[in-house]
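J.: What follows is a structure written as structure tokens; I'll ask about it next.
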Amino acid sequence: MKPFGYERPVDLAAAVTLLAERPDARVLAGGTNLVDLMRLGVERPGLLIDVNRLGMDGIEPMAGGGIRIGAGVRNSDLAGDIGVRTAFPLLAEAVLAGASGQLRNMASVGGNLLQRTRCLYFADTSKPCNKREPGSGCSALAGSSRELAVLGASESCIATFPGDMAVALSALGARVEFQTERGEHVVDIDDFYRDPGDHPELDTTLPPGAIITAVHVPGLPVSARSTYRKARDRRSFAFGLVTVAAALEVDDGIVQGVRLALGGVAHRPWRARRAEAELVGRPVAVAAIERAIDAELSEARPTPENAFKVPLVRRLVTGTLLRLAAEDGR
4 MKPFGYERPV
14 DLAAAVTLLA
24 ERPDARVLAG
34 GTNLVDLMRL
44 GVERPGLLID
54 VNRLGMDGIE
64 PMAGGGIRIG
74 AGVRNSDLAG
84 DIGVRTAFPL
94 LAEAVLAGAS
104 GQLRNMASVG
114 GNLLQRTRCL
124 YFADTSKPCN
134 KREPGSGCSA
144 LAGSSRELAV
154 LGASESCIAT
164 FPGDMAVALS
174 ALGARVEFQT
184 ERGEHVVDID
194 DFYRDPGDHP
204 ELDTTLPPGA
214 IITAVHVPGL
224 PVSARSTYRK
234 ARDRRSFAFG
244 LVTVAAALEV
254 DDGIVQGVRL
264 ALGGVAHRPW
274 RARRAEAELV
284 GRPVAVAAIE
294 RAIDAELSEA
304 RPTPENAFKV
314 PLVRRLVTGT
324 LLRLAAEDGR
């Protein structure tokens with residue numbers, strides 16, 4: 004591991020200033036992803052800025068039934084919060100599905116949003132990877148692609164976003180709050196993440212020198228009847244092949260409101276807006292759900308190795324929505 008400096012700023016303003024002055028710096032909270040990448044030689048920061056004592060560790064109510072989650076909140080605390088479990092069950096379930104208890108005790112909300120892909124070629128510094136070294140090529144295009152993207156990929160990158168929490172936050176329409184030297188900013192989570200295009204090295208639209216400070220989750224009636232499901236090779240310690248964050252509101256068998264987001268299928272959490280639009284006003288039935296999902300997947304471009312993800316998405320979404328509808332009827 005390359006030698007690096009370490010600083011623990013006394014407040015957020017000092018942390019932002021230090022980060023702006025040092026382009027080679029990285030923010031350190033739990034370090035569950037960053038430290039691994041440093042060991043692999045993928046990340047080589049000259050300075051780590053510890054933000055663990057800057058007071059960003061609270062969960063606060065917002066107007067309209069929403070919540071503000073500090074970027075320093077540990078995943079264990081988020082998943083265990085009674086308000087989150089009651090009003091946003093899909094968020095608590097997503098966090099619990101994301102890692103072991105030991106990792107949840109360390110991992111922070113802000114760091115979780117910024118975790119990097121687990122593509123084999125990104126982690127292997129001996130192989131070309133446009134995400135790690137722009138312009139070097141994408142080894143996955145002609146290599147092992149079983150776990151990689153079927154939606155929103157490009158000729159430059161077919162890597163997937165590995166997280167669970169952000170998929171649930173996408174379904175909930177969350178907003179990401181961050182601080183720069185120019186002040187506080189808030190952006191919709193769908194605008195926070197980006198497609199790979201010609202610059203897959205850029206996972207998000209977070210500007211240089213910015214520090215994530217919180218996540219805003221709006222109060223939504225539909226979110227109380229929600230869940231998170233994850234298809235993976237092993238029940239634990241495995242990233243999702245396909246994941247689904249879903250919330251459903253049904254009246255007399257007709258969909259009144261629905262939120263859907265997919266994980267494991269794209270470079271970013273994939274909000275399934277086309278499927279949502281197809282489902283509203285229609286009965287909760289297998290045929291209607293499958294038509295909606297097929298519409299969402301109409302632009303899927305799988306490789307021979309990951310083509311199984313397309314029918315897997317269809318089955319997982321269908322089963323998830325039918326289960327939510329059955330719970331809504333009780």
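Heads up: take any position in the sequence shown, counting from 1, add 3, and you land on our numbering. For each residue, glycine too, the CB sits at the ideal point set by N, CA and C.
1) Output the distance between the C-alpha atoms of Ser159 and Glu330, rounded to the nearest integer angstrom.
2) I'd like to confirm the pairing. Which residues does DSSP put opposite Val218 in its beta bridges?
3) So, for Ser173: in the same chain, excluding its five sequence neighbours on each side, which residues have a beta-carbon less than 6 Å away from its beta-carbon?
4) Under DSSP, the beta strand (DSSP E) around Arg262 begins and ends at which residues?
5) My guess is that Ala278 and Ala295 are in contact by the Cβ rule of under 8 Å, so how many angstroms apart are they, rounded?
6) Going by DSSP, name the residue or residues bridged to Leu51.
7) Among Ala177, Glu180, Glu136 and Leu99, whose alpha-carbon lies nearest the alpha-carbon of Arg238?
8) Look up Arg294 in the DSSP assignment and say whether it is helix, strand or coil.
9) In this structure, does DSSP put Ala81 in helix, strand or coil?
10) Is the Cβ-Cβ distance between Thr128 and Gly49 less than 8 Å?
11) Please work out which residues of its chain come closer than 8 Å, Cβ to Cβ, to Ser103, disregarding the five sequence neighbours upstream and downstream, and give them in chain order.
12) Evaluate Glu180 with the Cβ neighbour count: other Cβ atoms within 10 Å of its Cβ, from every protein chain shown; 16 or more gives buried, anything less gives exposed.
13) For Ala126 and Ile215, what's the separation of their Cα atoms in angstroms?
14) If you compare alpha carbons, which of Leu93, Val76, Gly222 and Cys122 is closest to Arg56?
15) Exposed or buried, what is Ile257 when buried is set at 16 or more other beta-carbons lying within 10 Å of its beta-carbon?
16) Using three-state DSSP, classify Ala310 as helix, strand or coil.
17) Could you pull out every residue in the same chain whose Cβ sits closer than 8 Å to the Cβ of Pro286, ignoring the five residues on either side in sequence?
18) For chain D, check one thing: does any of its Cβ atoms lie closer than 8 Å to the Cβ of Val179?
19) For Glu187, which residues does DSSP report across the bridge?
20) With a threshold of 7 Å on Cβ separation, who are the neighbours of Asp60 within its own chain once the five nearest residues in sequence on each side are excluded?
21) Does the structure place the stretch 63 to 70 close enough to the stretch 245 to 255 that three or more beta carbon pairs sit under 8 Å?
22) Let's see if you can read the secondary structure: which residues bound the beta strand (DSSP E) around Asp193?
T.: The structure says:
1) Cα atoms of Ser159 and Glu330: separation of roughly 43 Å, rounded to the nearest angstrom.
2) Val218 has Ile72 and Val179 as its beta-bridge partners, per DSSP.
3) Ile192, Ala264, Pro272 and Arg274, listed in sequence order.
4) Ile257 to Gly266 is the span of the beta strand (DSSP E), which, as asked, contains Arg262.
5) Indeed they touch by this definition, with Cβ atoms about 4 Å apart.
6) Paired residue(s): Tyr9 and Arg29.
7) Here the closest residue by C-alpha is Leu99.
8) Three-state result, Arg294: helix.
9) The question names Ala, yet the displayed sequence has Leu at residue 81. Looking at Leu81 - three-state DSSP - the assignment turns out to be helix.
10) In this structure, Gly49 does not lie closer than 8 Å to Thr128 by Cβ.
11) Counting only residues of its own chain and dropping the five nearest sequence neighbours on each side, Ser103 has a CB closer than 8 Å to the CB of Ser239 and Phe240.
12) Buried, by the Cβ-count rule.
13) Cα to Cα, Ala126 sits roughly 25 Å from Ile215.
14) The residue with the shortest Cα to Cα distance from Arg56 is Val76.
15) Residue burial annotation: Ile257 is exposed, with fewer than 16 other C-beta atoms found within 10 angstroms of its C-beta.
16) DSSP places Ala310 in coil when its eight states are reduced to three.
17) Answer for Pro286: Gly256, Ile257 and Val258, listed in chain order.
18) Reference to chain D is not applicable here, since this structure consists of a single protein chain.
19) Glu187 pairs with Gln182.
20) Cβ contact annotation for Asp60 (same chain, cutoff 7 Å, sequence separation greater than five): Gly73, Gly75 and Val76, in chain order.
21) No: fewer than three Cβ pairs fall under 8 Å.
22) Asp193 -> not in any beta strand (DSSP E); alpha helix (DSSP H) instead, spanning Ile192 to Phe195.
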